[in-house]
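**Q**
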Amino acid sequence: MSFRMRSDTVSKGAQKNFGELAQMIGVEWNRSDKKFDETWYRRLVSKLIIFRCGLLRTAA
Numbered sequence: 004m005s006f007r008m009r010s011d012t013v014s015k016g017a018q019k020n021f022g023e024l025a026q027m028i029g030v031e032w033n034r035s036d037k038k039f040d041e042t043w044y045r046r047l048v049s050k051l052i053i054f055r056c057g058l059l060r061t062a063a
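Take the position in the sequence shown, starting the count at 1, then add 3; the result is the number in the numbering used here.
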């Protein structure tokens, strides 16, 4: 949710954040599942790596 600029959701904690993300992806999936391909998955994993490395903490 950080990458979707949803700091209000992120501040609610991990469980609420994941629930919101799953809901948003579910809505998008129902519209069209073609978006969720290998490229989408690779970008998701790369965002996770950046987040876990702490590179976002230094960003302004």
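Heads up, the beta-carbon is just placed ideally off N, CA and C, and yes, glycines get one too.
(1) Kindly indicate which three-state DSSP category phenylalanine 39 falls into: helix, strand or coil?
(2) Please report how far the alpha carbon of lysine 37 lies from the alpha carbon of glycine 57, in whole angstroms.
(3) Straight-line CA distance for glutamate 31 to valine 48?
**A** The structure says:
(1) Reading the sequence shown from its first residue, position 36 is the one you call residue 39. Three-state DSSP puts phenylalanine 39 in coil, outside helix and strand.
(2) Within the sequence shown, residue 37 is the residue found at index 34, counting from 1. Within the sequence shown, residue 57 is the residue found at index 54, counting from 1. Their Cα atoms are separated by approximately 31 Å.
(3) Residue numbering aside, residue 31 sits at position 28 when the sequence shown is read from its first letter. Residue numbering aside, residue 48 sits at position 45 when the sequence shown is read from its first letter. The alpha-carbon atoms of glutamate 31 and valine 48 are separated by roughly 18 Å.
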